[in-house]
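Novice: What follows is a structure written as structure tokens; I'll ask about it next.
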């Protein structure tokens, strides 16, 4: 009997930011990872050679088993957009044009040739045979890749799909209908009018890095008041009732310049762009953050209400960089606009690699969807390491460790957490996407009043205002938060339950800005933001049994089914990928404990000294 060969499709994204590779086999998602996890360069845009190596190695295959390689966008359409944009304003923007053309003429314009060159190099490395073979190269559209990444892994047979980001080829916002194995575009908003770029403009204005610091702006927003919301809506953006919009481009510089905003933008608000090296964050910046967050939520709510009214479909799928704005996502859920929401955990460009592969499998090859369930496997799609390998590595690093059985380890870590000890938790497969979800996490006690500040300043080496997320048992989420809905990917924000909150005194309510940080607001203060909100991760036994059991054991000890979960890294560092990187982070910070596989390490028992100024190895993002 002839063996039926499996069909492997490799999706890739690269040359912009957040390069990644994803591998599907007969439509099943089996591996996905960002290049930054291997290169140790945050948001790495280079060809994802290491991510591809991992995807192939995970299945013990080489390029000869790959049917097709699908790139996540169509570069010629993007080049067309660039040319049209610059020609419309010439000779203005000449410096930006020259800079852009240098990049395009070097690698992007001739992308097919560049990709072939890179894959030929990889082929020689992987294959012992000399016979030349490269899979077929295909190209998806940017927002089609986003839409596919949102719909095809979702549990819905049909859904409206909303994609919002900076810009793809032309589209910045698009809506689609997904039914069965097909996705159909409905309408779009085109460049330069972009919600993602509007938010990034304010990110830049407040002194944070574009395509990196947007989540900082979101975290800063609750410290301020939206006093500039009306100015933004009056001056910067023409927002219609249905959520469609146009930006007044005389205030922005991103289309043809080297900066996001200009002097006219600064003049409206009365302050220059903040220099992060010299200027402290002030109440002004907090109010600015609050204002653009309020505008973003208003736009998202108007769009979602409109598409529900128009298409009468009860399910919503989200992707694109704006879908990582978990506060706006939470507002959609709270307003009960749609009955069901599903958000792609790798919603940004990294997830485009997965969407490109899925779009080809389902839409182009017309392969059916056989099950309607969440197919992201908890987003645990990256590398894992066996205990023997971990032990060998720890021995080579002269680490002092002790081995435990699974049950012993869970009891020990639950005890350590309950005693306000911090834990580096390195278990199973690494997460795909920007969130640590219990694979590569730093864990702590949510009851601790000092924990938020200590985690930020002594372990993460970052701004003290940054909030932390709770991991909570799915069955207990409604007892602790104003939500009763699956949020496995930490992409929905909800308030802490009223009865768990602590009412502020009159004196406390008069505090401004960062002074609010030190006030205890609930019985789980380490994960309660200054507006009583929290970014929820519901933990499910089916996708991460070990992590689920740990939280359950912590609940047995403390009566609280919640622990603090933040990514295992310091500021500016990609999430740790290997046992060696986890150990270096452990030694180079004030982490109390580290657990890798079945190995437990205590800081006080280590004789190895910290690497020379570990945190300075990574640039502040």
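Residue numbers (my numbering): 599 to 1219.
Using N, Cα and C, we set each Cβ at its ideal position, and we do this for glycine too.
The model shown is predicted, which means the values in this text are computed figures rather than measured ones.
Residue 609 lies in the beta strand (DSSP E); which residues open and close that run?
Specialist: 606-611
Novice: Just to confirm the assignment, what range does the beta strand (DSSP E) spanning residue 1049 have?
Specialist: Premise fails: residue 1049 lies in the alpha helix (DSSP H), 1049-1052, not in any beta strand (DSSP E).
Novice: Using C-beta distances below 6 Å, list every residue in its chain close to residue 740, excluding the 5 sequence neighbours before and after it, in chain order.
Specialist: Cβ within range, chain order: 671, 766, 767.
Novice: Can you tell me where the beta strand (DSSP E) holding residue 1068 begins and where it ends?
Specialist: 1067-1071
Novice: By a C-beta neighbour count over all protein chains shown, 10 Å radius and 16 as the cutoff for buried, is residue 990 buried or exposed?
Specialist: exposed
Novice: Please check the pair residue 978 and residue 773, which I expect to be a contact at CB under 8 Å, by giving their CB distance rounded to whole angstroms.
Specialist: Contact doesn't hold; Cβ gap of about 30 Å is too wide.
Novice: According to DSSP, which residues form a beta bridge with residue 761?
Specialist: In DSSP, residue 761 forms a bridge with 772, 917.
Novice: Which complete beta strand (DSSP E) runs does the segment 1003-1053 hold, if anything under 3 residues is left out?
Specialist: 1021-1024, 1038-1042
Novice: Assuming residue 1058 and residue 1169 make a contact with CB atoms under 8 Å, what is their CB distance in whole Å?
Specialist: 6 Å
Novice: Residue ranges of each beta strand (DSSP E) run of no fewer than 3 residues wholly in the segment 1128-1166, ordered along the chain?
Specialist: 1131-1137, 1160-1165
Novice: Residues in the same chain with beta-carbon distance under 6 Å from residue 1091, minus the five sequence neighbours each way, listed in chain order, please.
Specialist: 924, 925, 928, 1131, 1133
Novice: Closest to residue 845 by CA distance: which of 1161, 795, 1044 is it?
Specialist: Considering only alpha carbons, the answer is 795.
Novice: Within the continuous beta strand (DSSP E) that includes residue 843, where are the two ends?
Specialist: Counting along the chain, the beta strand (DSSP E) containing residue 843 begins and ends at 843-845.
Novice: My guess is that residue 818 and residue 1063 are in contact by the Cβ rule of under 8 Å, so how many angstroms apart are they, rounded?
Specialist: 6 Å
Novice: Leaving aside the five residues before and after residue 600 along the sequence, list all residues of the same chain whose C-beta is less than 7 Å from its C-beta, in chain order.
Specialist: Residue confidence is low: residue 600 scores 45 on pLDDT, short of 50, so the model does not pin down where it sits. Its coordinate-derived value is still stated next. Same-chain partners within the cutoff: there are none.
Novice: Could you tell me how far apart the beta carbons of residue 943 and residue 1024 are, in whole angstroms, since I believe they sit closer than 8 Å?
Specialist: Not really, about 19 Å apart at Cβ, beyond 8 Å.
Novice: Run through the DSSP bridge pairs and tell me what residue 786 is partnered with.
Specialist: 772
Novice: Using 8 Å as the Cβ pair cut-off and three pairs as the minimum, do the segment 749-762 and the segment 774-790 touch?
Specialist: yes
Novice: Excluding sequence positions up to five away, which residues of its chain have a Cβ less than 6 Å from the Cβ of residue 716?
Specialist: 645
Novice: Are the beta-carbon atoms belonging to residue 851 and residue 1195 less than 8 Å from one another?
Specialist: In this structure, residue 1195 does not lie closer than 8 Å to residue 851 by Cβ.
Novice: Roughly how many whole angstroms lie between the Cα atoms of residue 1203 and residue 814?
Specialist: When the Cα atoms are used, residue 1203 and residue 814 turn out to be separated by approximately 35 Å.
Novice: Measure the beta-carbon distance from residue 781 to residue 770 and round it to whole angstroms, keeping in mind my assumption that it falls under 8 Å.
Specialist: Rounded, the Cβ-Cβ distance is 18 Å, inconsistent with contact.
Novice: Short check: CB of residue 746 to CB of residue 957, under 8 Å?
Specialist: Yes, Cβ-Cβ distance for residue 746 and residue 957 is below 8 Å.
Novice: Answer with buried or exposed for residue 785, where buried requires no fewer than 16 other C-beta atoms within 10 angstroms of its C-beta.
Specialist: exposed
Novice: Rounded C-beta distance between residue 1183 and residue 1022? I'm assuming under 8 Å.
Specialist: Contact holds; Cβ gap of about 7 Å.
Novice: Quick one: what's got a C-beta closer than 6 Å to residue 605's C-beta in the same chain, skipping five residues either side?
Specialist: 624, 665
Novice: What residues match up with residue 777 in a beta bridge as DSSP calls it?
Specialist: 756, 780
Novice: Under a Cβ-count criterion, where at least 16 other Cβ atoms within 10 Å of its own Cβ denotes burial, should residue 825 be classed as buried or exposed?
Specialist: It counts as exposed.
Novice: Could you check whether the segment 902-914 touches the segment 875-886, counting it as contact only if at least three pairs of C-beta atoms, one from each stretch, sit closer than 8 Å?
Specialist: The segment 902-914, when compared against the segment 875-886, does not touch it at the 8 Å Cβ threshold.
Novice: Among 1179, 1072, 1045, which one has its Cα closest to the Cα of residue 1157?
Specialist: 1045
Novice: If you measure between the beta carbons of residue 992 and residue 999, is that distance less than 8 Å?
Specialist: yes
Novice: Which same chain residues, not among the five before or five after residue 731, have their C-beta less than 6 Å away from its C-beta?
Specialist: 662
Novice: Do residue 1172 and residue 638 have their beta-carbon atoms positioned less than 8 Å apart in this structure?
Specialist: The answer is yes: Cβ separation under 8 Å.
Novice: Using three-state DSSP, classify residue 669 as helix, strand or coil.
Specialist: strand
Novice: Sorted by chain position, which residues of the same chain lie with C-beta nearer than 6 Å to residue 915's C-beta, five sequence neighbours on each side aside?
Specialist: 748, 749, 752, 757, 759, 940
Novice: Take residue 822 as the anchor and find which of 636, 887, 866 has the nearest alpha-carbon.
Specialist: 887
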